[in-house]
Structure formats: structure tokens, C-alpha cells
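Residues 3 to 275 in this note's numbering are what the sequence shown spells out, letter by letter.
Before any comments, here is the structure.
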Amino acid sequence: MPLLICFCLALLAAAAVALWPLWVRRRRERIAGRPFPQAWRRLLRRQVPLVSRLPARQQLKLKALMQVFLAEKPIIGCRGLRVTDEIRVTIAALACLPLLGATRGVYPELRQVLVYPGAFVVDRPVTESSGVLSDQRRVLAGESWSQGQVLLAWDEVRRGAATPGDGHNVVIHEFAHQLDQAGGRANGAPALPTAEAYRRWSTVMQNEYDMLRWRLARGEPGLIDAYAATDPAEFFAVVSELFFERPIELATGHPALYAELSGYYRLDPAAWL
Ligand SMILES: [Zn+2]
């Protein structure tokens with residue numbers, strides 16, 4: 003009898019494991035299909051003007067992705083910050099923007115987003131192997147951890163959302179790191195479908211990275227921020243910000259780079275303007 007119970011329990015456990023992905027997919031479809039709250043719609047219009055550039059079909063898809071993101075990823079206020087709908091909607095919209103084209107899930111490895119009122123310092127040692135990317139272009143504005151955590155400074159998030167044409171957006175930047183970190187430590191090459199795609203990506207990115215360093219060494223101005231020359235992971239995150247915020251200039255000045263990003267994100271933001 004105990005043997006029969008064990009067998010039945012094992013059978014139930016195997017069925018639960020087999021059916022889990024189906025249950026998750028159904029649940030996400032239900033969440034994505036919920037009506038998008040009117041208050042969130044108003045917040046999107048006011049807080050994230052970049053969204054109004056998207057074709058109507060992409061706006062609908064973004065709203066569906068946002069609903070899943072907000073249902074699954076806790077956004078936690080730190081240092082006394084109360085997380086409002088304004089904060090949740092702004093972060094979700096910009097975090098989901100890079101997911102609009104390709105089907106790669108809603109950051110499956112991301113566990114939570116921590117939001118600070120402003121510049122923050124995290125008191126812990128950062129080592130080469132810690133998998134943490136800190137961004138201190140103006141202040142410590144964001145961090146992306148390979149262990150499924152993103153940290154953001156709300157004042158930087160709000161500033162980045164309000165100025166979609168300046169090419170700086172800390173949310174897009176940190177979530178580009180998350181995509182890069184999906185397969186392990188960030189190295190500037192997110193998951194690509196084939197070895198040939200990796201070879202082409204590597205050639206184009208290295209060429210652009212070298213040109214940027216050469217330009218910076220000569221003190222010449224240019225579209226890509228000097229911060230991109232920190233390392234290949236920062237290069238990918240910085241050019242991702244430009245790809246969504248200043249796509250026409252990126253496509254005109256760096257066509258090969260734009261084409262690679264367009265292929266990866268499966269999007270053509272230059273056509274949205
Ligand atoms: Zn970074």
C-alpha cells in the first residue's frame with residue numbers, strides 16, 4: 003500500500019512538473035488580456051512620451067507585457083521610497099520596451115527591482131566575479147545583478163523617461179544588462195541564435211568599439227557616449243539606449259551597428275519616427 007501511495011505521488015509530481023509551463027503560459031495570457039487600467043494609460047502618456055512613438059499594435063503589445071511584468075516582478079521601494087503607480091508604470095514600460103520584438107519571455111531570471119529615491123550606494127564588496135554592473139555616469143543611477151536583481155534611482159528613471167530624445171535612459175540601460183546577463187556574466191553579447199550570428203555581432207561590435215575609443219583618444223565629439231568605452235557590456239547597454247531614444251541618428255551614423263541591434267531586438271525604431 004505505501005508503495006502504491008509513493009507511486010501515485012510520484013506520478014502526480016511528474017504531471018505537475020510537465021503541466022507547469024502550460025499553467026504559467028495560460029496565467030500570463032490571462033494577465034496580458036486584462037483591460038489596461040485607464041489611470042495607467044494616463045500615466046503612460048504623461049510619464050513615458052517615448053511610448054507615443056510606437057505604432058498602435060506595438061503599444062498594445064507593450065501594455066500586455068507590462069501587465070505580466072507588474073504581476074510577476076516585485077518593485078520594492080528602498081530608503082523610505084513609497085512605490086506608487088507612477089513608479090511602477092514608468093519602470094515597467096521602459097523595461098518592457100526592449101522585449102517588444104523578440105519572444106524571449108519577461109526577464110525569466112529577474113526576481114525583483116529595487117528603487118531608491120535618488121543616488122544610492124550599496125554597501126557590499128564588488129568583485130570581478132560578483133556579476134554586478136554598477137553605473138555611475140552622473141551618480142550611482144542603476145545596477146544590474148546577474149543574480150536576478152535590478153537597482154534603480156527613481157530621480158534618474160523619471161528624468162530618463164521625460165527626455166526620450168537625449169539618448170540616456172537608465173531603465174533601458176540596466177535591462178539591456180539583464181538581457182546580456184541572461185546567459186551568465188555580461189560580456190556585451192546577449193543570446194544569439196547561431197554561431198554565425200555571434201561572429202557577425204562580435205565583428206561589428208568590436209569595430210564600433212575600436213572606432214569609439216579612437217575617436218575619444220582624438221577628443222572628437224560623437225553620438226555614442228564615452229561611457230560606452232568602459233567595456234563591451236557597457237557598450238551594448240549604452241548603444242541600446244541610443245537605439246530606442248535616438249534611432250535615426252544611430253542608423254545614419256552607425257548603420258552596421260543599428261542593423262545588428264535591429265536584428266537582435268527584432269525592432270526598427272527609426273521607422274517609428
Ligand atoms: Zn551599465
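Glycine included, each C-beta is placed from N, C-alpha and C at the ideal position.
Being a predicted model, the structure only gives us computed values, none of them experimental.
- Between Glu262 and Gly169 a beta carbon distance of about 18 Å is seen, past the 8 Å cut, so the two are scored as non-contacting.
- Boundaries around Val117 are those of the beta strand (DSSP E), 114-118, since no alpha helix (DSSP H) includes it.
- Take the alpha-carbon of Trp25 and the one of Gln180: they are about 25 Å apart.
- Distance from the C-beta of Leu225 to the nearest heavy atom of ligand 1 is not below 7 Å.
- A distance of 8 Å or more separates the beta carbons of Arg187 and Gly144.
- Listed as beta-bridge partners of Gln151 by DSSP are Gln114, Trp147.
- Rounded to whole angstroms, the separation of the alpha carbons of Gln60 and Arg28 is 21 Å.
- Between the alpha carbons of Asn189 and Ile250 lies a gap of roughly 26 Å.
- In the three-state DSSP reduction, Leu135 falls in the strand class (E or B).
- If you draw a straight line from the Cα of Val53 to the Cα of Ala178, it comes to about 18 Å.
- Taking the Cβ atoms as the reference, Ala184 lies roughly 14 Å from Pro195, outside the contact range of under 8 Å.
- Cβ-Cβ separation between Tyr118 and Leu83: approximately 6 Å, consistent with a contact (criterion under 8 Å).
- Annotated three-state conformation of Ile77 is strand, per DSSP.
- By the neighbour-count definition (other C-beta atoms within 10 Å, threshold 16), Ile78 is an exposed residue.
- Judged by pairs of C-beta atoms under 8 Å, the segment 156-163 touches the segment 40-58, as three or more such pairs exist.
- By a beta-carbon distance limit of 8 Å, Ala104 contacts Arg268. Their separation comes to about 4 Å.
- Secondary structure in the segment 215-252: no beta strand (DSSP E) run of 3 residues or longer lies completely within the stretch.
- Here DSSP, grouped into helix, strand and coil, assigns Thr205 to helix.
- Under the DSSP assignment, Gly265 falls in the alpha helix (DSSP H) whose first and last residues are 257-267.
- A check of alpha carbon separations from Arg47 across Thr92, Pro37, Ala73 identifies Thr92 as the nearest.
- In the three-state reduction of the DSSP assignment, Gly162 falls in the helix class.
- Shortest gap from the CB of Ala239 to any heavy atom of ligand 1: under 7 Å.
- If you compare the alpha carbons of Leu252, Ala219, Asp212 with that of Asp233, the shortest gap goes to Asp212.
- Residues Ala66, Gln69, Val70 of the same chain have their beta carbon placed closer than 6 Å to that of Ala34, with the five preceding and five following residues left out of the count.
- Ala228 places its beta carbon 8 Å or farther from that of Val241.
- For the 8 Å CB-CB criterion, Lys63 and Leu112 do not form a contact.
- Distance from the CA atom of His256 to the CA atom of Ala12, rounded to whole angstroms, is 56 Å.
- In this structure Val152 is buried. Its beta-carbon is surrounded by 16 or more other beta-carbon atoms within 10 angstroms.
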